[in-house]
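In the working numbering, the protein residues as written are 1120 to 1241.
Even for Gly, the Cβ is constructed at its ideal location relative to N, Cα and C.
Have a look at the structure below before the remarks.
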């Protein structure tokens, strides 16, 4: 097997698991508390309900979050991080620190429209 391909496998596995900008935001939102669907949706304004539902299902299948449904009416569902999901908190904190340390550069790049995907954040 090619060494070059083996070198990238750990990074590829992690990126495949978090293959959506919203998954990182969902983990960010759940890092301190359990939340209901509507709370997560309100905190991530740019995500549609359909996409949020899809992302949550994928994250549950990937053992990143737990979905707990309560008995009664109206139906109540809470989402929380699994221990595996919590293990990503240091990575999230590093990303936040990186953004804080480089915010001026990022803002300049956004103004030049080189990073269109960050417009939602500024």
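- Between residue 1184 and residue 1171, the C-beta spacing is not below 9 Å.
- Going by DSSP, residue 1199 is part of the beta strand (DSSP E) stretching over 1195-1200.
- Around the beta carbon of residue 1204, a 10 Å sphere encloses 16 or more other beta carbons of the protein chains shown; the residue is thus reported as buried.
- Under the three-state reduction of DSSP output, residue 1186 falls in the strand class.
- Residue 1211 sits away from residue 1159, with the two beta carbons spaced by 9 Å or more.
- Under the rule that a run must span 3 or more residues, no beta strand (DSSP E) segment is found entirely inside the region 1206-1233.
- Residue nearest to residue 1176 within the set 1199, 1221, 1161 is 1199 (criterion: CA-CA distance).
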